[in-house]
Amino acid sequence: MNVQNIHAFDRSSLAEAIAALYAAGEPPAELRKGVIALFRNALEQGHQIAREALEAKRGGLACARYLSHAEDELIRAIHAYVVTYIHPAPDAATQKRLVIAAVGGYGRGTLAPGSDIDLLFLLPTEESKWGERVVEAMLYVLWDLRQKVGHSTRSIEDCLALAREDMTIRTALFEARFILGDEVLFEDMRTRFDQEIVSKTAIEFVTAKLAERDRRLTQSGRTRYLVEPNVKEGKGGLRDLNTLFWIAKYVYRVRTTAELVEAGLFSRQEYQLFCRCEEFLWRVRCHMHFVTGRAEERLSFDLQPIMAARLGYSARAGLASVERFMKHYFLVTKDVGNLTTILCAALEERQTMPEAVIDRFERRSTPRKKRVNSQDFAIENGRVTVTRPDVFERDPVNLIRLFWIADRNGVAIHPDATRLVTLSLKRIDNELRSDPAANALFLDILTSHHATEVVLRLMNEAGVLGRFIPEFGRVVALMQFNMYHHFTVDEHLLRAVGVLADLESRRKVEDHPLPNEILSSLADRRVVYLALFLHDVAKGREEDHSLAGMEVALKLGKRLGLDPAETETVAWLVENHLLMSDTAQRRDLADRRTIETFAATVQTLERLKMLFILTICDIRAVGPGVWNAWKGELLRTLYWETEVVLTGGHSAVKRDRRVAMARKDLREALPNWSDLDFEAYAARHQQAYWLKVDLAHKIQHAKLLNMTEVEMPAPITDIAIDAARGVTELTVIAPDHPRLLSIIAGACAASGANIVDAQVFTTADGLALDTIFISRAFDFDEDELRRANKIALAIERSLLGEIRLQDVIAGRRDQRQERGKTFQVPARVTIDNNLSKRFTVVEVSGLDRPGLLFDLTTILSKLELNIGSAHIVTFGEKAADVFYVTDFHGAKITSASHKAAIRRRILEKFEPVNESEAKVA
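What follows is the structure, given as structure tokens:
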């Protein structure tokens with residue numbers, strides 16, 4: 016479908032309608048209203064035609080080109096109206112001397128429904144009062160139509176002078192397109208711009224545009240695999256395609272993409288790939304703008320299912336329709352990256368590219384010696400390249416060896432070599448996959464001490480990694496449709512390996528002293544690297560990804576040359592990669608049964624070490640703000656407690672000693688306290704507190720609890736802003752009682768705050784020390800602090816009985832959350848008497864929402880249950896809360912009817928109720 020096939024904008028009918036209005040002799044104010052109404056109607060009709068065509072034919076570029084064409088016609092109609100009725104020209108020659116040109120994105124002849132309209136009003140060198148009045152009148156009409164107009168009024172000399180100084184203006188003029196006026200004047204500007212600026216500044220332009228791209232991607236996220244990508248500004252998005260085209264046009268002096276084939280930059284197939292990428296991205300962008308009614312560029316979670324349905328995606332085995340759509344989206348952005356690589360290769364030959372390094376962020380004290388012991392490769396200008404065009408045809412192992420050489424020498428890969436790799440991917444077949452030399456080289460790359468993550472990512476971008484490890488290829492560009500994971504599965508796996516490499520190189524010693532110490536004691540480091548690389552490799556299948564991943568590990572370990580014991584350990588780690596995180600965050604670590612159960616699964620100290628390292632790397636690679644000091648403390652506690660069991664009580668650091676060390680650290684952090692005061696304070700805490708809480712929070716708690724020694728007329732609340740995690744922390748100290756957590760949760764619900772995490776302790780003298788984490792609502796700390804103070808006040812008033820929570824919360828019951836419309840999380844209730852010797856463990860999971868914790872704790876209270884400990888965890892949109900409870904006599908819940916009532920009452924709080932998802936153990 017092209018613009019000609021869409022109904023044209025009828026400018027002549029519009030002119031006749033305006034003439035009829037003037038002939039009717041209406042007052043000037045009424046005339047203007049009528050004219051604006053006619054223009055608005057024409058604009059709306061144009062958008063409606065474009066929308067219908069998009070939905071019928073699914074043509075993104077055709078829609079964008081028609082919107083641009085309709086805008087051209089509208090501007091011509093407005094100009095005709097102004098020069099006919101508002102500011103008639105003194106003569107025909109004067110009227111023609113004004114040029115109106117589209118610049119920027121509009122200049123390319125494509126507009127999204129919500130795009131800005133960028134215009135250049137070009138005037139002759141002599142002063143033109145009439146032209147300026149026409150420009151002003153046209154702008155007022157466009158503003159009345161609520162169009163977002165970017166404009167400039169300049170002479171040719173102004174254009175050239177500003178283009179020399181400002182790269183943004185230069186780029187906009189580079190895209191200039193004639194709409195109406197003196198075409199000779201416009202072509203004069205274009206010719207001088209090309210001869211005086213473009214022809215002399217190719218290197219300057221390329222350098223500036225690549226630097227601009229770097230800045231943009233730093234802001235929007237350096238990876239293209241963010242699960243809520245920006246279609247316009249994100250990596251691999253439309254702006255990257257534009258940048259690619261700007262640079263190519265500027266250097267090769269062409270005006271259309273098709274001419275780049277004749278110039279030798281793209282092959283015919285690569286040009287077709289460029290067109291397919293551009294069409295897909297424009298289709299998505301136009302749909303997004305029409306659906307939202309605004310210039311929405313972020314492909315957010317709530318939009319993704321809508322886009323999947325509009326673009327015709329359906330569910331297939333293991334993958335929802337939205338996940339198939341997003342996988343296609345990420346593969347398109349990957350193709351954009353490949354096209355950029357091709358461009359860089361050409362620019363390299365023309366010497367318009369700066370020298371490359373394999374990893375600009377890699378920190379190394381001394382440079383490595385660059386050595387290539389192969390006739391097939393050479394290092395030129397800091398890049399490894401091929402010495403002949405048939406290196407991969409003669410020896411397909413070279414497809415792996417190229418990346419091995421880059422890693423060992425710390426050099427980038429020449430774009431020509433990368434391009435040859437992509438053309439040779441079919442040579443990665445079963446024969447190469449079974450080749451011992453190729454597998455040994457890959458294992459060397461995976462366990463390298465150099466730039467592991469960077470080289471693996473280069474292999475992935477080139478398509479080598481997914482073909483050499485087909486199981487990895489299945490998760491390339493695969494997103495998980497949830498709010499917990501920030502990246503696609505392949506990106507998460509590569510980042511996890513990168514975190515491990517950072518730990519091993521001791522780049523993060525201050526964050527992880529224990530893991531750094533443990534890593535150096537591991538018997539076989541490559542087992543951990545391979546397990547981490549594979550831990551989520553079976554995502555997107557119908558079966559459980561941990562079990563399916565174990566099967567992958569058993570096959571791949573043998574293929575890569577690991578012995579049977581190593582392979583079995585990798586498979587065990589993959590199968591159990593969630594066990595330590597789940598136990599640390601959702602179980603009571605002070606309960607002996609928790610540690611014994613966990614130790615029985617782990618069995619050996621070596622496995623415990625490896626699982627500990629893998630868990631830290633996995634959590635840190637999920638996304639920004641997911642890892643925190645509290646999770647680190649929980650994992651360390653679980654590690655030390657399990658080590659005691661596995662070593663028969665001969666732990667490297669026994670529990671009593673760890674408690675003593677924790678007390679000593681706090682004592683040193685409170686130098687102004689007397690020994691007597693500190694000992695009295697320390698006695699208020701139980702052993703679990705010293706093992707689970709990090710030092711920063713211990714210091715904060717000490718200062719707060721010290722206030723209760725003198726007088727405590729009211730509850731004490733404290734606020735801390737955690738911008739990195741996107742949460743606000745509220746600490747509450749009050750006399751303990753069974754409904755305390757419920758009241759705190761209710762006060763948060765009444766204030767519209769959503770609890771995403773909680774830590775609950777009770778002192779020996781009967782005070783509750785509860786820390787809750789709520790979702791952040793404001794970007795600026797000052798605004799968030801004001802909100803947090805209001806919530807803290809609501810908590811205090813609720814605890815004093817000044818607020819009736821049920822009445823306040825009732826007013827919020829009908830407020831639906833957007834995530835409830837976007838995500839489907841089945842509700843599950845598990846009631847287990849085997850996980851603890853003293854308590855019945857009630858596990859609840861389902862769609863998170865404000866007020867959920869209040870509802871759950873209120874239900875438990877009404878059922879006459881006492882909460883011994885609560886473990887509140889949120890994984891994006893999914894709440895996973897665990898309560899250790901007894902009846903009011905301190906006994907476990909054994910009655911089948913009581914268990915059924917608990918299950919039924921809890922499930923009633925989730926919509927829809929799904930009884931089949933509940934179970935009793």
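Heads up: the sequence shown at position 657 corresponds to 672 in my numbering, and the numbers run straight through without jumps. Idealized CB from N, CA, C, for every residue including glycine. Computed from a prediction, not measured in an experiment: that's the story for all the values here.
(Q) Could you check whether the stretch 430 to 449 touches the stretch 553 to 565, counting it as contact only if at least three pairs of C-beta atoms, one from each stretch, sit closer than 8 Å? (A) Between the stretch 430 to 449 and the stretch 553 to 565, the count of Cβ pairs shorter than 8 Å is below three; the stretches do not touch.
Q: Would you mind reading off the limits of the beta strand (DSSP E) that contains serine 884?
A: From DSSP, the beta strand (DSSP E) with serine 884 extends over 880 to 890.
Q.
Contact defined as beta carbons within less than 8 Å: I believe aspartate 680 pairs with leucine 710. What is the distance between those atoms, to the nearest angstrom?
A. Indeed, because the Cβ distance is near 6 Å, the residues count as touching under 8 Å.
Q.
Any contact between the stretch 215 to 229 and the stretch 275 to 287? By contact I mean 3 or more CB pairs, one from each, below 8 Å.
A. Verdict: no, contact absent.
Q: Answer yes or no: do threonine 400 and alanine 432 have a C-beta to C-beta separation smaller than 7 Å?
A: Result yes, Cβ atoms of threonine 400 and alanine 432 sit closer than 7 Å.
Q.
On a Cα-Cα basis, can you pick out the residue from Thr168, Glu566, Met153 and Arg169 that is closest to glutamine 162?
A. Minimum Cα distance to glutamine 162 is reached at Met153.
Q: Over the uninterrupted alpha helix (DSSP H) stretch that includes threonine 873, give me the two end residues.
A: Going by DSSP, threonine 873 is part of the alpha helix (DSSP H) stretching over 867 to 877.
Q. With a CB to CB cut of under 8 Å and the five nearest residues on each side skipped, what residues in its chain are close to leucine 537?
A. Around leucine 537, the same chain offers Val543, Glu621, Lys624, Met625 and Ile628 as residues with beta carbons nearer than 8 Å, after the five sequence neighbours per side are excluded.
Q.
For valine 387, tell me which candidate among Arg423, Arg179, Thr630 and Ala492 has the shortest Cα-Cα distance.
A. Ranking the options by Cα distance to valine 387, first place goes to Arg423.
Q: Count the other C-beta atoms from every protein chain shown that fall within 10 angstroms of the C-beta of alanine 516, then say buried if there are 16 or more, exposed otherwise.
A: Under the 10 Å beta carbon count, alanine 516 is surrounded by 16 or more other beta carbons and is classified as buried.
Q. Whole-angstrom Cβ separation of phenylalanine 201 and alanine 127, contact assumed at under 8 Å?
A. About 25 Å separates the two Cβ atoms, so there is no contact after all.
Q | Same chain only: Cβ atoms within 6 Å of arginine 379, ignoring 5 sequence neighbours per side | A | Model confidence at arginine 379 stands at a pLDDT of 41, short of 50, so the residue's coordinates are unreliable; what they give is reported in the following sentence. Setting aside the 5 residues that flank it on each side, arginine 379 has no residue in the same chain whose C-beta is closer than 6 Å to its C-beta.
Q. Taking leucine 471 as the reference, which of Asn445, His507 and Glu446 has the closest Cα?
A. Measuring from the Cα of leucine 471, the nearest candidate turns out to be His507.
Q. For the alpha helix (DSSP H) that lysine 679 lies in, which residues bound it at each end?
A. That run of the alpha helix (DSSP H) goes 670 to 684.
Q: Can you tell me the Cβ-Cβ gap for leucine 755 and alanine 773, rounded? I've got them flagged as a contact below 8 Å.
A: No, leucine 755 and alanine 773 are not in contact; Cβ-Cβ is about 12 Å, not under 8 Å.
Q.
Our contact map puts valine 900 next to threonine 872 with C-beta atoms below 8 Å; I'd like the distance itself, whole angstroms only.
A. With a contact defined as Cβ atoms closer than 8 Å, valine 900 and threonine 872 miss out at about 10 Å.
Q) Looking only at C-alpha atoms, which of Lys924, Ser561 and Ser463 sits nearest to serine 520? A) When each option's Cα is compared against that of serine 520, the closest is Ser463.
Q | Stretch-stretch touch, CB-based, cutoff 8 Å, three pairs: the stretch 84 to 97 with the stretch 44 to 60 | A | Verdict: yes, contact present.
Q) Excluding the five sequence neighbours on either side, which residues of its own chain have a C-beta within less than 6 Å of the C-beta of glutamate 590, listed in chain order? A) Ser561 and Met565.
Q.
Measuring alpha carbon to alpha carbon, tell me which residue in Phe208, Leu160 and Glu190 is nearest aspartate 173.
A. Nearest to aspartate 173 by alpha-carbon distance, out of Phe208, Leu160 and Glu190, is Phe208.
Q | Outcome for alanine 273 when other beta-carbon atoms lying within 10 angstroms are tallied against a minimum of 16 | A | So alanine 273 counts as exposed.
Q. What's the call for glutamine 284, buried or exposed, on a 16-neighbour Cβ count within 10 Å?
A. Classification for glutamine 284: exposed.
Q) Apart from the five residues just before and just after isoleucine 921, which ones in its own chain have a Cβ nearer than 7 Å to its Cβ? A) Around isoleucine 921: Val844, Val859, Leu871 and Ile874.
(Q) On the criterion of 16 or more Cβ atoms from any shown chain inside 10 Å, does lysine 877 qualify as buried, or is it exposed? (A) Burial is judged here by how many other beta carbons sit within 10 angstroms of a residue's own beta carbon; lysine 877 has fewer than 16 and is exposed.
Q.
Is valine 97 near the ligand NAP - that is, is its Cβ less than 6 Å away from at least one heavy atom of it?
A. As far as ligands go, the structure on display features none, and thus does not contain the ligand NAP.
Q) Taking Cβ positions, are lysine 247 and leucine 232 nearer each other than 7 Å? A) Judged by beta-carbon spacing, leucine 232 lies beyond the 7 Å limit of lysine 247, meaning their Cβ atoms are not closer than that value.
Q: Pair every Cβ in the stretch 476 to 488 with every Cβ in the stretch 319 to 332, then say whether three or more of these pairs are closer than 8 Å.
A: Output reads no: the stretch 319 to 332 does not touch the stretch 476 to 488.
Q: Please check the pair aspartate 942 and isoleucine 194, which I expect to be a contact at CB under 8 Å, by giving their CB distance rounded to whole angstroms.
A: Here the chain covers residues 16 to 936 and nothing more, so residue 942 does not appear.
Q: Identify which residue in Ala65, Pro43 and Asn643 has its Cα closest to the Cα of glutamate 744.
A: Closest option to glutamate 744, Cα to Cα, is Asn643.
Q.
At the level of alpha carbons, what is the spacing between glycine 781 and arginine 864?
A. Approximately 31 Å between the Cα atoms of the pair.
Q: Return the residue from the list Val491, Arg819, Arg522 and Pro750 that minimises the CA-CA distance to leucine 549.
A: Residue Val491 is the option with its Cα nearest to leucine 549.
Q. Going straight from the alpha carbon of histidine 62 to that of leucine 29, what length do you get?
A. Going by the C-alpha atoms only, they are around 16 Å apart.
Q: Verify whether the separation of the beta carbon atoms of histidine 343 and arginine 325 is less than 7 Å.
A: The answer is no: Cβ separation not under 7 Å.
Q: Note down the Cα distance separating leucine 534 from lysine 713, rounded to an integer number of angstroms.
A: Rounded to whole angstroms, leucine 534 to lysine 713 spans 28 Å at the Cα level.
**Q.** Residues sharing a beta bridge with aspartate 133, DSSP
**A.** Paired residues: Gly165.
Q: Use the C-beta contact count for aspartate 829: other C-beta atoms within 10 angstroms, 16 or more gives buried, fewer gives exposed.
A: With a pLDDT of only 45 at aspartate 829, under the threshold of 50, the placement of this residue in the model should not be trusted; the figure read from the coordinates follows. With fewer than 16 neighbouring CB atoms inside 10 Å of its own CB, aspartate 829 falls in the exposed class.
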